[in-house]
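K.L.:
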Amino acid sequence: MVEAKVGLCQDIARGLDALHAHGVVHSDIKMSNVLITHDATRLVSMSSSEPSIRCTRDSPFTAKIADFGSSAVLEDCEGENAELIARTDNYAALEVIQGRPIRKVDIHKIDIYSAGLVFCEILMDGKGFWNAAAEFNINNYEPLKPEQMLELRFTDRVVEVAKAAIQQHEARTEGIITELGERIMLWSEISYTPVQIEVFQEIIGTCLRLDPDDRADSLMAALKPWHKVTTVESLVGVNGKIKSSI
1 MVEAKVGLCQ DIARGLDALH AHGVVHSDIK MSNVLITHDA TRLVSMSSSE
51 PSIRCTRDSP FTAKIADFGS SAVLEDCEGE NAELIARTDN YAALEVIQGR
101 PIRKVDIHKI DIYSAGLVFC EILMDGKGFW NAAAEFNINN YEPLKPEQML
151 ELRFTDRVVE VAKAAIQQHE ARTEGIITEL GERIMLWSEI SYTPVQIEVF
201 QEIIGTCLRL DPDDRADSLM AALKPWHKVT TVESLVGVNG KIKSSI
């Protein structure tokens, strides 16, 4: 359900923002480094300092960040730049892949980029962004060629493809259900509405910018579009339909 996915993204955002506030950069954020626990008493909500989204159903899932073996502590870094110990290319920002010097004031933004790709994966029900991107072109939904995939790394088109992937993923899920005449997955019972897709796209767009200066400075700030809706009734209606727009 949509609220559970949002809750997982919020947990990751809070965790990374807390790390960054204490001068720690994880530097290897990826889906396998996010642990999901079950707590039936947990209710999904936004930060208490902002208007809340209270969901009609409990979300029993909590996301926790793991594996700090490659983390960077900024106090231990001499000079203006910081060095990274490890990375996972499929989740790494371009400045990391290219091995460029990264200023300490900007290094937390590599986590924000990686988290954006994790958010995509959560919203696409566990499908990795690069796997999804390889399947279609944003113009005609034809498979991307290897050179096109490589090109994405060096442009902001990755944002366009991420936005299209989220929208197309839900359309494909609906198509599978219609064709077979049965519900295959619980997640498919609630489809993303145009307003939800617009909000998801805005969030992803602020995380995946090529230039760190254009990227969100914090993940909770990136998730602020959800605060435009003050009650769950205005966001999610029966069967996931939006009752009012943002």
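The UniProt record's numbering puts the first residue of the sequence shown at 1, with every later residue one more than the last. A virtual CB, placed ideally from N, CA and C, is assigned to each residue, including glycine.
Going by Cα to Cα distance, which pick from I110, Y192 and I112 is closest to D125?
P.N.:
Among I110, Y192 and I112, the Cα nearest to that of D125 belongs to Y192.
K.L.:
Which residues bound the alpha helix (DSSP H) around H22?
P.N.:
Neither: H22 is in no alpha helix (DSSP H) and is coded neither H nor E.
K.L.:
Between L144 and A132, which are expected to be in contact by the criterion C-beta below 8 Å, what is the C-beta distance as a whole number of angstroms?
P.N.:
Actually they are not in contact, since the Cβ atoms of L144 and A132 sit about 10 Å apart, beyond 8 Å.
K.L.:
What does the alpha-carbon distance come out to for the pair E202 and G69?
P.N.:
Cα to Cα, E202 sits roughly 32 Å from G69.
K.L.:
From the DSSP output, in three-state form, read off I102 for me.
P.N.:
The answer is strand: DSSP assigns I102 an E or B state.
K.L.:
For the alpha helix (DSSP H) that T88 lies in, which residues bound it at each end?
P.N.:
Taken as a continuous stretch (DSSP letters only), T88 belongs to no alpha helix (DSSP H), as it is neither H nor E.
K.L.:
With H, G and I counted as helix, E and B as strand and the rest as coil, what does DSSP make of I112?
P.N.:
I112: helix per DSSP, three-state reduction.
K.L.:
For K109, count neighbouring Cβ atoms within 10 angstroms of its own Cβ and tell me buried if that reaches 16, exposed if not.
P.N.:
It counts as buried.
K.L.:
Using a 10 Å radius around the Cβ and a threshold of 16 neighbouring Cβ atoms, would you call K64 buried or exposed?
P.N.:
Answer is exposed; the Cβ neighbour count stays below 16.
K.L.:
Using a threshold of 8 Å, state whether the C-beta atoms of K5 and V118 are closer than that.
P.N.:
Their beta carbons are not under 8 Å apart, which means K5 does not touch V118 by this criterion.
K.L.:
If we count the other Cβ atoms within 10 Å of its Cβ and call it buried at 16 or more, is T155 buried or exposed?
P.N.:
Counting Cβ neighbours within 10 Å, T155 comes out exposed, since fewer than 16 surround it.
K.L.:
What are the start and end residues of the alpha helix (DSSP H) that includes T206?
P.N.:
P194 to C207 is the extent of the alpha helix (DSSP H) around T206.
K.L.:
Which one of T62, V25, C207 and K163 has the shortest CA to CA distance from Q196?
P.N.:
Among T62, V25, C207 and K163, the Cα nearest to that of Q196 belongs to K163.
K.L.:
Alpha carbon to alpha carbon, how far is Y91 from residue 250? Give it in angstroms, no decimals.
P.N.:
Any question about residue 250 goes unanswered here, given that the chain covers just 1 to 246.
K.L.:
What number of angstroms, rounded off, separates the C-alpha of I102 from the C-alpha of S27?
P.N.:
Approximately 12 Å between the Cα atoms of the pair.
K.L.:
Using the three-state DSSP reduction, which class does I65 fall into: helix, strand or coil?
P.N.:
DSSP places I65 in strand when its eight states are reduced to three.
K.L.:
What is the C-beta distance between I107 and V24, in whole angstroms, given that I count them as a contact (C-beta under 8 Å)?
P.N.:
Contact doesn't hold; Cβ gap of about 10 Å is too wide.
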